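Participant: Going down the list, the sequences are from chains A and B.
In terms of my numbering, the first sequence is residues 1 to 321.
In terms of my numbering, the second sequence is residues 1 to 321.
This structure is in structure tokens; I'll ask about it shortly.
2 protein chains.
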Amino acid sequence: MELNGTYRSIQDDLSQVKESLRSIIKVDFPWLSEQLDYVIGSGGKGIRPALTLLSGKFYQYNLEYLLPMAVSVELMHTATLIHDDAIDKSMARRGRATIFKLWGEEPAILLGDYLFAKAGEFVSDTQNPRVIKLFSQTLATISSGELNQFFSAYNLQQTREQYFKKIFGKTASLFSLATESGAILSGAPEKSVKILRDYGHSLGIAFQVVDDILDFIGTEEELGKPVGSDLAQGTLTLPAMLLLERCPEDNPVKRLFDNRNDQDNIKQAIEMIRNSPIVDECYTVASEYCAQACQNINQLPANSSRDALLQLAEYVVARKR
Amino acid sequence: MELNGTYRSIQDDLSQVKESLRSIIKVDFPWLSEQLDYVIGSGGKGIRPALTLLSGKFYQYNLEYLLPMAVSVELMHTATLIHDDAIDKSMARRGRATIFKLWGEEPAILLGDYLFAKAGEFVSDTQNPRVIKLFSQTLATISSGELNQFFSAYNLQQTREQYFKKIFGKTASLFSLATESGAILSGAPEKSVKILRDYGHSLGIAFQVVDDILDFIGTEEELGKPVGSDLAQGTLTLPAMLLLERCPEDNPVKRLFDNRNDQDNIKQAIEMIRNSPIVDECYTVASEYCAQACQNINQLPANSSRDALLQLAEYVVARKR
């Protein structure tokens, strides 16, 4: 399943977003331009800026504000990835070397900060104080969530509620910013703002649950990074939580978290999860969130963007990378 | 020379700024509150938020906007320090252990990000798009400057122009944001905005030149960190540049940058600089920038804040830490 058809109504504007992203680097760091080109805009699926543009299609589609917002959302995403890779010491993302691998952690910290700043510049171009505040609140949610996750690494005691709170911070908060800001900047009535915010929230949760499944069932080629990366970082995701519930005694996740260096336990956990109903159960959870995302979308004006949002929900569960 | 007298006209409001800073941590990270209390607000001289408040005193002193701006400026400063310490692997600042030393680099990255986000939330409370954009531009200037500095570490080829550009990014850009935003938020006419921005810019340059001097002539107790830290990081500052110019041949800075591990060279450079006219020459440069900072201040309405800005310029050169 590909996204090109889904993006049809915003294709040209999404290209403009990517062009803006590339030009940032060209202007300020011409000497880094070549190496950075792939970090920004080109590698990802562009799902977050697409959400902003699609969410802006129901009322006044004002590109003067929606374009900088879409750029800002993708910049914030890119900056958090660069910092995450430095924190996790990840060597590969999307099948390519990370900034951390290329240059080390110091430039990764600074480049991330720089991209946060540029994201702030773009969001200020929306001239909308409500959206600007939302933007900062989202960044606070993301970073405080990551901080909590860091201090709870290798902790086996995690409730379902804590897991969903964590993936809200990690992913759904930014999805929700993307859709809510698109709605606000197009002058949507409050009821529609809420529908689009809730859509983004639920879609983001589903997206992250699928990410957490793929980390166990994908191939290294599909993932663009090693399989089982979450466990290797001491991060307990839904599939691993279910495995712990099913086999509370002799469990490879438990052994791994007790004795952090035994990589065989990661392989065993992957095998056990792949050969169990856990994968299907997790997909059911993701599908439920997608259904929840879509439940009120039909209250929005009917147009091709409404169809695209429904297609995106299907894509989020069907995707392999 | 102490700052208490200088701050008299804004003492109560500055206390409110510090209270806001402390409450951020208490609300979001109660479990970190005790350890973080000293990082935020209490340790520093509070010169940046004071500049915002003082600069806001010439027209409409509207605390509803000036207070969040002052908090925002200090938060941005604190966040950059936390990231800088992680990048430089600094163990001490203001005589206390850094976040990097206490918890390692990963939480330092995330806590810095979180404080940037909170700074963004506060600046959005000013409801002023011009100031919000300035804020983001300043963060971009600071982080791109640090990135350039990182890639030029241990490089002996540095012009005076590059040095002043570097310290603009490192320090003067934020001083200038502090004063300019105070002026804008108090509804100052454009001529006064420019006077206050230029004041902040020149004062910031002077402040950093003095910092760079103190790094050679201060004591570890006064500095709250080891003497010669800049050289140890491979950062060429004005005193070291002058030493290179005076003794281009057999020079400890040159030897240190060629062979990064020989700490004796740092001691020799410190000794040579202390026993030369270089210190006085650097102080002359700093004093010239302070004079430049003050040259147009008398065009502002006469009040106690105008006197305080003039006193601050004296303090910046006279301070020992």
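Every residue, glycine too, gets a C-beta built ideally from N, C-alpha and C.
As the structure is a computational prediction, the values presented were derived from the model and not from experiment.
Closer than 8 Å, Cβ to Cβ, to anything on chain B: give me those residues from the region 91–118 of chain A, in chain order.
Facilitator: Cβ contacts with chain B: Glu105, Glu106, Pro107, Ile109, Leu110, Leu111, Gly112, Asp113, Tyr114, Phe116, Ala117 and Lys118.
Participant: Specify the secondary structure class of arginine 321 of chain A as computed by DSSP and reduced to three states.
Facilitator: Arginine 321 of chain A falls in the coil class under three-state DSSP.
Participant: Would you give the residue range spanned by the alpha helix (DSSP H) that lysine 118 of chain B belongs to?
Facilitator: Its alpha helix (DSSP H) spans residues 105–124.
Participant: I want to know whether the region 305–316 of chain B touches the region 217–234 of chain B - three or more CB-CB distances under 8 Å.
Facilitator: The region 305–316 of chain B vs the region 217–234 of chain B: no contact.
Participant: Is the Cβ of histidine 77 of chain B closer than 8 Å to any Cβ of chain A?
Facilitator: Chain A contact via Cβ: absent.
Participant: Per DSSP, alanine 92 of chain A is paired with what?
Facilitator: Paired residue(s): A:Ala97.
Participant: In chain order, what residues of the same chain have a beta carbon less than 7 Å from the beta carbon of tyrosine 199 of chain A, not counting five sequence neighbours either side?
Facilitator: Only Thr179, Ala293, Ile297 and Leu309 meet the Cβ criterion.
Participant: Compute the beta-carbon to beta-carbon distance between tyrosine 59 of chain B and glycine 224 of chain B, rounded to the nearest angstrom, for a pair I have assumed lies under 8 Å.
Facilitator: In fact, because the Cβ distance is near 37 Å, the residues do not count as touching under 8 Å.
Participant: Identify which residue in B:Leu147, B:Val317 and B:Lys254 has its Cα closest to the Cα of aspartate 212 of chain B.
Facilitator: The shortest C-alpha separation from aspartate 212 of chain B is found at B:Val317.
Participant: What in chain B is Cβ-close to proline 129 of chain A, meaning under 7 Å?
Facilitator: In chain order: Ser124 and Gln127.
Participant: Quick one: what's got a C-beta closer than 7 Å to alanine 240 of chain A's C-beta in the same chain, skipping five residues either side?
Facilitator: Result list for alanine 240 of chain A: Leu231, Val253 and Ala269, in chain order.
Participant: Show which residues of chain A have a CB atom less than 8 Å away from the CB atom of isoleucine 25 of chain B.
Facilitator: Near isoleucine 25 of chain B there are no residues of chain A at all, since even the closest Cβ is about 11 Å away, more than 8 Å.
Participant: Do the region 68–80 of chain B and the region 126–138 of chain B touch if we need at least three Cβ pairs shorter than 8 Å?
Facilitator: Touching, yes, given that three or more Cβ pairs across the two stretches are closer than 8 Å.
Participant: Indicate whether at least one CB of chain B lies closer than 8 Å to the CB of histidine 201 of chain A.
Facilitator: By this cut-off, histidine 201 of chain A is not an interface position.
Participant: Could you name the residues of chain A that lysine 133 of chain B contacts, counting a contact when the two beta carbons are closer than 7 Å?
Facilitator: Residues of chain A passing the Cβ test: Glu121 and Ser124.
Participant: Any C-beta of chain A within less than 7 Å: which residues of the region 138–170 of chain B qualify?
Facilitator: Residues passing the 7 Å Cβ filter: Leu139, Ala140, Ser143, Ser144, Glu146, Leu147 and Phe150.
Participant: Could you give the uninterrupted runs of the alpha helix (DSSP H) lying entirely in the region 147–174 of chain A, keeping only those of 4 residues or more?
Facilitator: Counting only runs of 4 or more, we get 160–167.
Participant: Taking the C-alpha atoms as reference points, what is the distance between valine 327 of chain B and arginine 246 of chain B?
Facilitator: Here chain B has residues from 1 to 321 only, and residue 327 of chain B is not among them.
Participant: Could you give the distance in angstroms between the alpha-carbon of glycine 44 of chain B and the alpha-carbon of arginine 321 of chain B?
Facilitator: Going from the Cα of glycine 44 of chain B to the Cα of arginine 321 of chain B covers about 10 Å.
Participant: Distance check for glycine 182 of chain A and serine 304 of chain A, CA to CA, integer angstroms please.
Facilitator: Whole-angstrom Cα-Cα distance: 16 Å.
Participant: Under the assumption that phenylalanine 116 of chain A contacts phenylalanine 116 of chain B (Cβ atoms under 8 Å), give the Cβ distance between them as a whole number of angstroms.
Facilitator: The Cβ separation is near 6 Å, so the contact holds.
Participant: Using alpha carbons as the reference points, say which of B:Ala50, B:Ile109 and B:Arg93 lies closest to glutamate 220 of chain B.
Facilitator: The shortest C-alpha separation from glutamate 220 of chain B is found at B:Arg93.
Participant: Using 8 Å as the limit for Cβ to Cβ distance, is alanine 86 of chain A near chain B?
Facilitator: With 8 Å as the cut-off, alanine 86 of chain A counts as an interface residue toward chain B.
Participant: Within this structure, are the beta carbons of leucine 242 of chain B and methionine 69 of chain B separated by less than 8 Å?
Facilitator: Result no, Cβ atoms of leucine 242 of chain B and methionine 69 of chain B do not sit closer than 8 Å.
Participant: Serine 229 of chain A touches chain B at which residues, Cβ-Cβ below 7 Å?
Facilitator: By Cβ distance, chain B contributes nothing, its closest Cβ being about 16 Å from serine 229 of chain A, past 7 Å.
Participant: Report the neighbours of serine 136 of chain B on chain A: residues whose CB is nearer than 9 Å to its CB, in chain order.
Facilitator: Chain A residues near serine 136 of chain B: Phe116, Ala117, Lys118, Ala119, Gly120, Glu121, Phe122, Val123 and Ser124.
Participant: Under 9 Å Cβ-Cβ, which residues of chain A neighbour aspartate 215 of chain B?
Facilitator: Here the premise fails: no neighbours, minimum Cβ distance about 20 Å.
Participant: Using 8 Å as the threshold, is the C-beta distance between serine 55 of chain A and leucine 177 of chain A below it?
Facilitator: No.
Participant: Taking the beta carbon of glutamate 161 of chain B as the centre, do at least 16 other beta carbons fall within 10 Å, making it buried, or is it exposed?
Facilitator: Classification for glutamate 161 of chain B: exposed.
Participant: Have a look at B:His83, B:Glu190 and B:Val210 and flag the residue whose alpha-carbon is nearest the alpha-carbon of phenylalanine 164 of chain B.
Facilitator: Residue B:Val210 is the option with its Cα nearest to phenylalanine 164 of chain B.
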